[in-house]
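Working notes for the structure below.
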Amino acid sequence: AQRVTQPEKLLSVFKGAPVELKCNYSYSGSPELFWYVQYSRQRLQLLLRHISRESIKGFTADLNKGETSFHLKKPFAQEEDSAMYYCAPPWMWYFGTGTSLTVIP
Amino acid sequence: GAVVSQHPSRVICKSGTSVKIECRSLDFQATTMFWYRQFPKQSLMLMATSNEGSKATYEQGVEKDKFLINHASLTLSTLTVTSAHPEDSSFYICSARDRDLGSPLHFGNGTRLTVT
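Those sequence lines, one after another, are chains F and B.
Remember, my numbering sits 2 above the position in the first sequence when you count from 1.
Remember, my numbering sits 197 above the position in the second sequence when you count from 1.
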């Protein structure tokens, strides 16, 4: 079955520490994947898409076909990064549990 | 960028009444829109998929007669909560995607429904 999983439901890091939110997929071929973010009291929004290979708010995500992963990384976490993060392909409009990131001041 | 407008943002209604929530794609045509329900500190739960010009597809456990969905045009989908009860109080979110199947979802700001 085609699946995308985020193994960590909750993740806490200290401000200034590196952060990595994990996303694994289980289908073959060339996947397209997005990272969405939902800040407190704001709408869910697109953060990154893998084909753009850009850095948004200091976050990057690299597609690793060998490990079938699309982990979201930031070298120095900021308090404003605290939010819910969801990894999903364009054909999936179900959302898993996501990962709740808390950056501790 | 693509914008989805959801209205109202907050609504309070009495038990037994009906409430309509609108979801509009402002600068793109959305053949498919999605309706979600979100409980505090939890993920979005897909309620139904709304297809323009056809009946909505409801997820298991979602009452189609209670949550009426209409997608009459390529830019508008509505969710009507009929005969609302306090347990229907929740945060309802819509999303839309344009015709490009590889494009991301664009989300509305959500509607906080409180049934008294």
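Here a beta-carbon is modelled for each residue, glycine too, at the ideal position from N, C-alpha and C.
Every value quoted in this text rests on a predicted model; they were computed, and no experiment measured them.
Check the Cβ-Cβ distances between Y96/F and every residue of chain B, and say whether any is below 7 Å. The residue you call residue 96/F lines up with position 94 of the first sequence. Interface residue, yes.
Does DSSP put E284/B in a helix, in a strand, or in coil? As a first step, residue 284/B is located in the second sequence; it is residue number 87 there, counting from the start. Of the three classes helix, strand and coil, the one that applies to E284/B here is helix, per DSSP.
Between the C-alpha atoms of D64/F and H52/F, what's the straight-line distance to the nearest angstrom? If you number the first sequence from 1, residue 64/F lands on position 62. If you number the first sequence from 1, residue 52/F lands on position 50. For D64/F and H52/F, the distance between alpha carbons rounds to 7 Å.
If the cut is a Cβ gap below 7 Å, which residues of chain F does S300/B touch? As a position in the second sequence, residue 300/B is number 103, starting the count at 1. P92, listed in chain order.
How should Q226/B be labelled, buried or exposed, when 16 other C-beta atoms within 10 angstroms of its C-beta is the threshold for buried? Counting from one through the second sequence, the residue named residue 226/B turns up at place 29. By the neighbour-count criterion, in which 16 or more other beta carbons inside 10 Å mark a residue as buried, Q226/B falls on the exposed side.
Ordered along the chain, which non-local residues of its own chain (more than five positions away) have a Cβ less than 8 Å from that of S280/B? The residue you call residue 280/B lines up with position 83 of the second sequence. Cβ within range, chain order: G213, T214, S215 and K263.
Please name the residue or residues paired with L50/F in a DSSP beta bridge. One-based indexing of the first sequence puts residue 50/F at position 48. Beta-bridge pairing links L50/F to W37/F.
Between V62/F and the rest of its own chain, which residues show a CB-CB distance below 7 Å, the 5 nearest in sequence each way excluded? Residue mapping note: residue 62/F aligns to position 60 of the first sequence, counting from 1. According to the sequence shown, residue 62/F is Thr rather than Val. Excluding sequence neighbours, T62/F sits near K75.
With a 10 Å radius around its C-beta and 16 neighbouring C-beta atoms as the bar for buried, classify T308/B as buried or exposed. By 1-based counting over the second sequence, the position of residue 308/B is 111. Buried, by the Cβ-count rule.
Starting from I106/F, trace the beta strand (DSSP E) both ways and give me its first and last residue. What you label residue 106/F is simply residue 104 of the first sequence in a count that begins at 1. Per DSSP, I106/F belongs to the beta strand (DSSP E) from T101 to I106.
For E82/F, name the three-state secondary structure that DSSP assigns. Numbered from its first residue, the first sequence carries residue 82/F at position 80. Helix, per DSSP.
Indicate whether at least one CB of chain B lies closer than 7 Å to the CB of T62/F. As a first step, residue 62/F must be located in the first sequence, where it is residue number 60. No, because no Cβ of chain B sits closer than 7 Å to the Cβ of T62/F.
Is L276/B closer than 7 Å to S292/B when the C-beta atoms are compared? Counting from 1 along the second sequence, the entry for residue 292/B is found at position 95. Counting from 1 along the second sequence, the entry for residue 276/B is found at position 79. No.
At what residues does the beta strand (DSSP E) containing E219/B begin and finish? Here residue 219/B refers to the residue found at position 22 of the second sequence. Segment V216 to S222, the beta strand (DSSP E) holding E219/B.
Name, please, each residue of chain F whose Cβ falls closer than 7 Å to the Cβ of N306/B. Sequence index remark: in the second sequence, residue 306/B carries index 109 (1-based). Here the neighbours are R45.
Could you check whether the Cβ of G18/F sits closer than 7 Å to any Cβ belonging to chain B? Within the first sequence, residue 18/F is the residue found at index 16, counting from 1. Output row for G18/F: interface = no.
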